[in-house]
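Asker: Let me give you the structure first, and then I'll get to my questions.
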Amino acid sequence: MTSMSAITQTSDLTNKAALIPLATERPAYYRMSGIEETSNVSSEFQEERSEVEVEEEIGYEDPFRYVFYRDRKEWADLEPVPQDDGPNPVVKIAYSDKFTDVYDYFRALLKNDEKSDRALLLTAEAIELNAANYTVWHYRRVLLQALEKDLREEMRYITAIIEDQPKNYQVWHHRRMVVEWLNDPSEELEFIAEILSQDAKNYHAWQHRQWVIKEYKLWDSELEYVEQLLEEDVRNNSAWNQRHYIISHTTGYSDPAILNREVQYSLKQIKKAPHNESVWNYLKGILQDLGLSSHPGLLEQILELKETHCSPYLLGFLVDIYEDFLENTLEHHEEVLSKALELCELLAREKDTIRREYWSYVGRSLQTKYGSSDSSTTTSAPGIDPGSASVHQETPCSS
Amino acid sequence: MKLHLVYFTVLTLNSKLFFFGSGPPKRPLMLTIVFFALSGLDVLDSLNVIDKPSLIEWVYSLQVIPTEDQSNLGRCGFRGSSHIGVPYSTSKGPGVSHPYDSGHVAMTYTGLACLVLLGDDLSRVNKEACLMGLKALQLEDGSFYAVPEGSENDMRFVYCAACICYMLDDWSGMDIKKAIDYIRGSMSYDNGIGQGAGLESHGGSTFCAVAALSLMGKLEEMFSQRELNRIRRWCMMRQQNGFQGRPNKPVDTCYSFWVGATLELLDVFQYTNFEKNRNYILSTQDRLVGGFAKWPDSHPDPLHAYFGICGLSLIGEANLRRVHPALNVSQRAFEYLQHLHRTWRGTCT
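First to last, the sequence lines map onto chains A and B. Going by the UniProt record's numbering, the first residue of the first sequence is number 1, and it counts up by one from there. Going by the UniProt record's numbering, the first residue of the second sequence is number 1, and it counts up by one from there.
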């Protein structure tokens, strides 16, 4: 959300608070200059006066000025609790005065386990300053239940927060808790769709969506939603994943009609956009456990596509079909193996050169496993030794 | 390389760690940031700039230890920072009772890792309490919460749990079988591994799963050669120049480690294109302040700076220590840990 700068420094609030009893809220300033020590701040900021600051000095009054908790009468009963990093702190973070003030009072509330409306209000401020503080969220949930607050209002609240920070774990978890308490998922699909419309691959959004759908059995319209997303972007891997999720949890893939429908759908998408790893992964994924070589006509269809809609994924798929064939049949071994090796060579040499060494390795592995016994002495798939840091040599095949 | 030394070293000005902000600093995660800095310095062979004893004390001050009546055993571990306001105490004497004081699984993991990096012998770690705290976090499906109060649960915390058990040399902190079931159940139709069952396969969760199994010593036992080959293929396909985390997504420096280390654990990292990977990582350097970002011309942050260095270490970059691909610490630190284990088991020389 905020711009990412390499260096933070204390905002000039620290200085301002000392000069003027009623502090003004300002965003913390980030500068690319040198590192500032957190002490000796005051003198550094004398020159940095904005127009508004000068106005204040002249006596401009704002009745809605921000007031520190430590200056609020209604909080006078509470002793703020500072963070305690010992006599010689080794880790320092420069926080704004506002941040420190809010969190000093948060810590005080926490210590007493206070259950009050003022505590709830403070959690909102603490969250605004740092929405990733899981302790604040937990305390807020404790308060919501203890004070029997209106959870519909909380839904509105969390909706706004997620819109603002959709990649934060805590906010999604909080929403899930509120939905569970209300036992009402009716807003979820629409809300998540709205978030996905801004970032169609937001992992948190998809995770929440899968949870809602499974928990409340909202399967019915999801395939349609997935198809809509794939219309918009056929390369959206999250949508393809969702497609698999929905189908495997509803009809399943064991019905040949369904499987064939999905194969045809995939082939259609391949023809529209051949260079798309997601669709090829989907196609392979739904067929691999039954054996790629066992599908009548599949090899022929892929070989046909190879002429007009080739891609490294298509070629890799062919290698996998041939490997499955080699694993499950004894006939035509030499012929099939040679085709597979030819493809590995093509991939290495020309079609997927970034993985040149890998395709060579695949070829060698196939050769070792399925080649005739007088073939090369090159090694097979290496063993794995979890205890050592790294193995850079292949270990010899032990069969 | 010197510039990155600067980036991490500036974090340690006057032997104190200053936080390089990338937006509002996430105080409860402080320990993870410290881990990135320390481990980064270690890989750069520069831990000597650190005031180790002071940092060790600070890490120990984050341990949630059993109270006098031992009523908080299920909440023990390490905190990410002192943000709750518990009075400073360096793990000497019983714990202070506080209604909201609990460990966080990622902080327990990075806390222990920091102590190992700093050469501490873990003698002030209450191992039993940590393991009880860990056990309390495991769900029926085998995954873990981050905190006993509840949180999201996914593969990240399975990995943290595995690291904790591995470092403490004690797997009683988890039901291994359930954890393995969770891992296997999270394998996607496309042969990568997601954060949980049904979820999209992802470079980060794939690393967490494979590394956890590796630490358990179960990698080859729990996946057939065919499955391992499939995972290898999924991971290999992530390389575009650097590595991406999911199909059809942009590359990002940190995946050079997540996916790279996974490939290393599967013994096929040697077949990746080192040059393109290296060039990508280096293109994401910040030439002013050092460190790495996820993309070129973006702002660096401790996480990407650390994993950029680790990514380079995997390809054998000069002047970098080798990184243990499962435990995510330098090989030096790993060997020190093994030495510690030998002393505990009474088999030390």
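Yeah, the Cβ is synthetic: ideal placement off N, Cα and C, and Gly gets one too. What you are looking at is a predicted structure, and each value in this text was computed from that prediction instead of being measured.
1. With a CB to CB cut of under 7 Å and the five nearest residues on each side skipped, what residues in its chain are close to residue 168 (chain A)?
2. Pick from B:88, B:37, B:183 and B:68: whose alpha carbon is nearest that of residue 310 (chain B)?
3. Residues of chain B with a CB under 7 Å from the CB of residue 250 (chain A): which are they?
4. Name the two residues that bound the continuous alpha helix (DSSP H) containing residue 65 (chain B).
5. Let me check understanding here. Comparing Cα to Cα, which of A:271, A:296 and A:241 lies closest to residue 256 (chain A)?
6. Using Cβ-Cβ distances below 9 Å, what residues of the stretch 252-271 of chain B are close to chain A?
7. What do you get for residue 50 (chain A), buried or exposed, if any count of 16 or more other CB atoms within 10 angstroms of its CB means buried?
8. So, does the CB of residue 138 (chain B) fall closer than 9 Å to a CB anywhere in chain A?
9. Does residue 222 (chain A) pass the burial test, meaning 16 or more other C-beta atoms within 10 Å, or should it be called exposed?
10. Determine the chain A residues that contact residue 276 (chain B) at a beta-carbon separation under 8 Å, and present them in chain order.
11. For the stretch 154-173 of chain A and the stretch 187-196 of chain A, state whether three or more C-beta atom pairs, one from each stretch, are separated by less than 8 Å.
12. Can you check whether the CB of residue 104 (chain A) is closer than 9 Å to the CB of residue 80 (chain A)?
13. Between the stretch 248-265 of chain A and the stretch 231-238 of chain A, are three or more C-beta pairs nearer than 8 Å?
14. Measure from the C-beta of residue 206 (chain B) to each C-beta in chain A and report whether the shortest distance is under 9 Å.
15. List the whole-angstrom C-beta distance separating residue 192 (chain A) from residue 205 (chain A), where the pair is believed to meet the contact cut-off of C-beta under 8 Å.
16. Can you list, in chain order, the residues of its chain with a C-beta nearer than 6 Å to that of residue 196 (chain A)? Leave out the 5 residues immediately preceding and following it.
17. As an exercise, report each continuous beta strand (DSSP E) stretch of at least 3 residues that is fully enclosed by the stretch 233-314 of chain A, in chain order.
18. Suppose contacts are defined by Cβ-Cβ distances below 9 Å. Is residue 89 (chain A) in contact with residue 85 (chain B) by that definition?
19. Any beta-carbon of chain B closer than 9 Å to the one on residue 294 (chain A)?
20. List the whole-angstrom C-beta distance separating residue 142 (chain B) from residue 107 (chain B), where the pair is believed to meet the contact cut-off of C-beta under 8 Å.
21. Residue 400 (chain A) touches chain B at which residues, Cβ-Cβ below 7 Å?
22. Using the beta-carbon of each residue, which ones in chain A are nearer than 7 Å to residue 350 (chain B)?
23. Which one or two residues does DSSP pair with residue 187 (chain B) in a beta bridge?
24. Could you work out which residues of chain D lie near residue 199 (chain B), taking near to mean beta carbons separated by less than 9 Å?
25. So, are the CB atoms of residue 353 (chain B) and residue 245 (chain B) less than 9 Å apart?
26. Less than 9 Å between the beta carbons of residue 307 (chain B) and residue 292 (chain B), yes or no?
27. When the cut-off is 9 Å and only beta carbons count, does residue 34 (chain B) lie next to chain A?
28. To the nearest angstrom, how far is it from the Cα of residue 228 (chain B) to the Cα of residue 123 (chain A)?
29. Looking only at its chain, what residues have a beta carbon closer than 6 Å to the beta carbon of residue 283 (chain A), apart from the 5 residues adjacent to it on each side?
30. Could you please tell me which residues of the stretch 59-86 of chain B, in chain order, have their CB closer than 8 Å to any CB of chain A?
31. Within the continuous alpha helix (DSSP H) that includes residue 229 (chain B), where are the two ends?
32. From residue 99 (chain B) to residue 111 (chain A), what distance separates their C-alpha atoms?
33. If I'm right that residue 155 (chain B) touches residue 205 (chain B) with Cβ under 8 Å, what's the distance once you round it to whole angstroms?
34. Taking Cβ-Cβ distances shorter than 9 Å, what residues in chain B pair up with residue 173 (chain A)?
35. Taking Cβ positions, are residue 231 (chain B) and residue 262 (chain B) nearer each other than 9 Å?
36. Suppose contacts are defined by Cβ-Cβ distances below 9 Å. Is residue 125 (chain B) in contact with residue 137 (chain B) by that definition?
Answerer: Per the coordinate set shown:
1. Taken in chain order, the residues that qualify are 131 and 132.
2. Residue 310 (chain B) has its Cα closest to that of B:37, out of B:88, B:37, B:183 and B:68.
3. By Cβ distance, chain B contributes nothing, its closest Cβ being about 13 Å from residue 250 (chain A), past 7 Å.
4. From DSSP, residue 65 (chain B) is part of no alpha helix (DSSP H); its letter is neither H nor E.
5. Nearest option by C-alpha distance: A:296.
6. Those would be 264, 265, 266, 267, 268, 269, 270 and 271, in chain order.
7. Only weak support is given to the placement of residue 50 (chain A): the predicted model assigns it a pLDDT of 49, under 50, and the value that follows is read from those uncertain coordinates. Residue 50 (chain A) comes out exposed.
8. No, residue 138 (chain B) lies away from the interface with chain A (no Cβ there is under 9 Å from its Cβ).
9. With 16 or more other Cβ atoms within 10 Å, it is buried.
10. Residues of chain A whose Cβ lies closer than 8 Å to the Cβ of residue 276 (chain B) are, in chain order, 354.
11. In short, these stretches touch, since the Cβ pair count reaches three.
12. For residue 80 (chain A) and residue 104 (chain A), yes; Cβs fall inside 9 Å.
13. Result no; under three Cβ-Cβ pairs closer than 8 Å.
14. Not one chain A Cβ lies under 9 Å of residue 206 (chain B).
15. Contact flag correct, Cβ pair sits at about 5 Å.
16. Contacts found: 205.
17. Segments of the beta strand (DSSP E) lying fully in the stretch 233-314 of chain A: there are none.
18. Contact check for residue 89 (chain A) against residue 85 (chain B) fails: the beta carbons are separated by 9 Å or more.
19. When Cβ-Cβ separations below 9 Å define contact, residue 294 (chain A) makes no contact with chain B.
20. Rounded, the Cβ-Cβ distance is 21 Å, inconsistent with contact.
21. Outside the shown range of chain A, which is 1 to 399, sits residue 400 (chain A), and nothing can be said about it.
22. In the structure as shown, chain B starts at 1 and stops at 349, and residue 350 (chain B) therefore has no counterpart that could be examined.
23. Secondary-structure assignment with DSSP links residue 187 (chain B) through a beta bridge to B:193.
24. Chain labels in this structure do not include chain D; the protein chains are A and B.
25. This structure leaves residue 353 (chain B) out entirely; chain B is present only between 1 and 349.
26. Cβ distance < 9 Å, so residue 307 (chain B) and residue 292 (chain B) count as in contact.
27. Output row for residue 34 (chain B): interface = yes.
28. Cα to Cα, residue 228 (chain B) sits roughly 47 Å from residue 123 (chain A).
29. 266.
30. Answer in chain order: 61, 81, 82, 83, 84, 85 and 86.
31. From DSSP, the alpha helix (DSSP H) with residue 229 (chain B) extends over 225-236.
32. Using only the alpha carbons, I get a separation of about 7 Å.
33. Confirmed, Cβ separation roughly 4 Å.
34. Those are 150, 151 and 152, listed as they occur along chain B.
35. With respect to the 9 Å criterion, residue 231 (chain B) and residue 262 (chain B) are classified as neighbours on the basis of their beta carbons.
36. With a cutoff of 9 Å on beta-carbon distance, residue 125 (chain B) and residue 137 (chain B) are scored as not near each other.
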